[in-house]
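Protein chains in written order, with our numbering: chain A, 212 to 502; chain B, 6 to 274.
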Amino acid sequence: MKRTSLWTAYGFLLPALSLLLVFTIFPIFVGAALSFFCYNAVTPPVFVGLGNFKAIFSDHTALIALRNSIFYLAVVPILQLLSILLALLLNEEIKAFRVIRMLFYIPVITSIVVVAVAWKWVLAEDGLLNGALVSLHVVRSPIHWLTDPSLALWSVMMVTLWKGLGYYMVIYLAGLQGIDPQYEEAARLDGAGPISVFRYVTFPLLKPVVAFCTIISSIAAIKVFAEVYVMTSGGPLLSTTTAVYYLYDLFMNRLQLGYASALGVVLAIIIGALSYLNYRFFREGGFESYA
Amino acid sequence: MLKKSFRFLFILVIAAVFVAPFYWLVVTSFAGSGDLYAFPPKLLPGHFTLSNYAQVWSAVPMARFFVNTCIIVFWGTLLTLIISALAGYPLARFDFKGKKVIFFILFATLLLPEEAMMIVNFLTCSRLGLINTYAGVFIPSIGSVFGIFLLRQAYLAIPQELEDAARIDGCSPFFLWWKIMVPLVAPTLATLAVFSFVAYWNSFLWPLIIFKDTNLYPLSVGLTWLSGTFATNFRLVAAGSVLAMVPTLIIFVALQRYFTKGLTAGAIK
Numbered sequence: 212m213k214r215t216s217l218w219t220a221y222g223f224l225l226p227a228l229s230l231l232l233v234f235t236i237f238p239i240f241v242g243a244a245l246s247f248f249c250y251n252a253v254t255p256p257v258f259v260g261l262g263n264f265k266a267i268f269s270d271h272t273a274l275i276a277l278r279n280s281i282f283y284l285a286v287v288p289i290l291q292l293l294s295i296l297l298a299l300l301l302n303e304e305i306k307a308f309r310v311i312r313m314l315f316y317i318p319v320i321t322s323i324v325v326v327a328v329a330w331k332w333v334l335a336e337d338g339l340l341n342g343a344l345v346s347l348h349v350v351r352s353p354i355h356w357l358t359d360p361s362l363a364l365w366s367v368m369m370v371t372l373w374k375g376l377g378y379y380m381v382i383y384l385a386g387l388q389g390i391d392p393q394y395e396e397a398a399r400l401d402g403a404g405p406i407s408v409f410r411y412v413t414f415p416l417l418k419p420v421v422a423f424c425t426i427i428s429s430i431a432a433i434k435v436f437a438e439v440y441v442m443t444s445g446g447p448l449l450s451t452t453t454a455v456y457y458l459y460d461l462f463m464n465r466l467q468l469g470y471a472s473a474l475g476v477v478l479a480i481i482i483g484a485l486s487y488l489n490y491r492f493f494r495e496g497g498f499e500s501y502a
Numbered sequence: 006m007l008k009k010s011f012r013f014l015f016i017l018v019i020a021a022v023f024v025a026p027f028y029w030l031v032v033t034s035f036a037g038s039g040d041l042y043a044f045p046p047k048l049l050p051g052h053f054t055l056s057n058y059a060q061v062w063s064a065v066p067m068a069r070f071f072v073n074t075c076i077i078v079f080w081g082t083l084l085t086l087i088i089s090a091l092a093g094y095p096l097a098r099f100d101f102k103g104k105k106v107i108f109f110i111l112f113a114t115l116l117l118p119e120e121a122m123m124i125v126n127f128l129t130c131s132r133l134g135l136i137n138t139y140a141g142v143f144i145p146s147i148g149s150v151f152g153i154f155l156l157r158q159a160y161l162a163i164p165q166e167l168e169d170a171a172r173i174d175g176c177s178p179f180f181l182w183w184k185i186m187v188p189l190v191a192p193t194l195a196t197l198a199v200f201s202f203v204a205y206w207n208s209f210l211w212p213l214i215i216f217k218d219t220n221l222y223p224l225s226v227g228l229t230w231l232s233g234t235f236a237t238n239f240r241l242v243a244a245g246s247v248l249a250m251v252p253t254l255i256i257f258v259a260l261q262r263y264f265t266k267g268l269t270a271g272a273i274k
């Protein structure tokens, strides 16, 4: 590689770096600073020290929102498991499979608003799902998918699951295709059944991909917003109020910018910790010990 | 053979259940008045009609939403491509002071949630007069770390000899980049273009914050407004939803291979 003048290198980097400075790095530091202030965007900010953070831990809604967001992580293992199964089922170069793989990918490229609007009607009390369940005599009376506080968050998760399935399936398919068939062939010759081949050969080799997908989907789950905004507006009884939904509400409707920033800082810390845990968990017995 | 056809049938059933909500959305958008929730659901609309589409087009500024979305997508995608193609080049091919620091910063920003930055970005945008403007939607996100890394990978794959030959011929660095390097990374630029297109077309939370004026709404925000306004007439909402998803569907079907390429670029080395 040739040493080039600093001017040339930074000339190419200038537009990207200046944008990132203003819209990514600046907000990180100012956002962190703002979390120590009480600010409503109209009157000058007032320094309150750790007041906002203390308030979060005595604010009923904030605690419920954080709890719901963490609970939302339940979608991650289900989503990953189903995506891997789907990838295994469709991992064959048949023309019909190519079409079916495309079908599973449609929700991924569709606006989350369209997806949520469609599902809101599917899950309505007199919606498609209840219609099907009642006429097939699976249930006697319609299920309150989105209006029962003990059920609503699960229903929203189902939509996230439905939208994400195709995305992870494609990544796993690429991962599966990257595995040398010799390994699986060797295990089969040694008399391993399909389940053993998967458990002892395929899955360990797929682990780096599983790690990547788990981290990505955990971060997405913690940050869920649009599904909640369109389908339930955080209700009933705060049962679907997630951290980002509450942050949006504090910011846009209540103009509590300092307090919302503090919630953003808490969220960033949770996401950082989560990524680190995922990384640690998957590194052990991961690819390095097999390669 | 039996096992194989059983597996095939199983996959077909799963796929059918999976697309049912979308299928129903499309059927409903063409359905005349009558029972929305007839069971078993009708596979084809009883009274086929285009009136829902005509109505939604006239009842809300749907055409306006379309144009707004197209403007945001066009500028957002174009600028993302230019900025990523510029920034990825020195990170792949030059050796210069501060490169490591820049790498570290880029990686670090990938981990931080943009939701935590949106409050300050809103304040910045209002200082810059970008609230209620199209530019306010795309300017904060055109410096895309994903795009920069994607392009850097593409530049790394180009043989050094090609570049050296051009340099001996006395090309200026900018000319060399524009005439030699950019055409060589065109496939990757196409991948990034497809991804940016879908991302800007579907972006929701940020435009929701930036726009106060209904006439400037992109489709995603317009649809939530539509579904609130016509809460009792789902046929109209369905028609609007179908209109909003058709362009991304066309792009996807036409340019499918670029999607797979971009998706797996991050996951598998």
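Just so you know, even glycine gets a beta-carbon here, dropped at the ideal spot from N, CA and C.
- Nearest to Leu96/B by C-alpha distance, out of Ile153/B, Leu55/B and Gln261/B, is Ile153/B.
- Listed along the chain, the chain B residues whose CB falls inside 7 angstroms of the CB of Thr321/A are Met250 and Thr253.
- For Asn137/B, no Cβ of chain A is located within less than 8 angstroms of the residue's own Cβ.
- Between Gly377/A and Tyr316/A the beta-carbon gap is near 4 angstroms, inside 8 angstroms, which marks them as a contact.
- Between Ala473/A and Phe264/A a beta carbon distance of about 5 angstroms is seen, short of the 8 angstroms cut, so the two are scored as contacting.
- Secondary-structure assignment with DSSP links Phe248/A through a beta bridge to Phe258/A.
- Residue pairing from DSSP places Ala36/B in a beta bridge opposite Phe53/B.
- Separation of the CB atoms of Ala329/A and Ser246/B is rounded to 6 angstroms, and the pair is thereby assigned contact status at 8 angstroms.
- In the assembly as shown, Leu181/B is a buried residue. Its beta-carbon has 16 or more other beta-carbons within 10 Å.
- In this structure, Leu17/B is the residue among Leu248/B, Thr253/B, Leu17/B and Asn238/B with its C-alpha nearest to the C-alpha of Ala307/A.
- For the segment 190-228 of chain B, the continuous alpha helix (DSSP H) assignments of 4+ residues that do not extend past its boundaries occur at 191-207 and 210-215, in sequence order.
- Straight across, the Cα-Cα distance linking Arg309/A with Ala298/A is about 12 angstroms.
- Assigned with DSSP and collapsed to three states, Asp174/B falls in coil, not helix or strand.
- Collapsing the DSSP output to three states places Asp100/B in a strand.
- For Lys434/A, a Cβ of chain B is located within less than 8 angstroms of the residue's own Cβ.
- Any Cβ of chain A closer than 8 angstroms to the Cβ of Glu120/B would place that residue at the interface, and such an atom is present.
- In the structure shown, Gly446/A falls within a coil segment according to DSSP collapsed to helix, strand and coil.
- Rounded to whole angstroms, Ala243/A and Phe179/B show a C-alpha spacing of 38 angstroms.
- Comparing alpha-carbon positions, the option among Tyr94/B, Ile256/B and Phe200/B lying closest to Ala159/B turns out to be Tyr94/B.
- Separation of the CB atoms of Pro118/B and Leu478/A is rounded to 6 angstroms, and the pair is thereby assigned contact status at 8 angstroms.
- DSSP, reduced to helix, strand and coil, places Thr219/A within a helical segment of the structure shown.
- Listed in chain order, the positions of the segment 65-92 of chain B with a beta carbon within less than 7 angstroms of a beta carbon of chain A are Ile88, Leu91 and Ala92.
- Only those residues of the segment 445-479 of chain A whose C-beta falls short of 8 angstroms from the nearest C-beta of chain B are listed: Val455, Leu458, Tyr459, Phe462, Met463, Leu468, Ala471, Ser472, Gly475, Val476, Leu478 and Ala479.
- Per the C-alpha coordinates, the member of Arg262/B, Tyr263/B, Thr265/B and Leu248/B positioned closest to Thr321/A is Leu248/B.
- Here the alpha carbon of Cys75/B sits roughly 8 angstroms from the alpha carbon of Trp206/B.
- The beta carbon of Gln158/B does not come within 8 angstroms of any beta carbon belonging to chain A, so the residue lies off that interface.
- The Cβ atoms of Trp80/B and Phe143/B lie closer than 8 angstroms to each other.
- Phe235/B carries a coil assignment under DSSP once its states are collapsed to helix, strand and coil.
- Non-local beta-carbon contacts of Gln291/A in its own chain, meaning distances under 8 angstroms to residues more than five positions away in sequence, involve Tyr379, Val421, Cys424, Thr425 and Ser428 in chain order.
- Comparing alpha-carbon positions, the option among Asn126/B, Thr54/B, Thr196/B and Phe15/B lying closest to Phe35/B turns out to be Thr54/B.
- Taking the Cα positions, Pro353/A is about 27 angstroms away from Leu284/A.
- For the set Gly37/B, Val22/B and Ser10/B, the Cα lying nearest the Cα of Asn238/B is the one of Gly37/B.
- Check the Cα spacing between Phe200/B and each of Phe257/B, Ile214/B and Leu30/B: the tightest is with Phe257/B.
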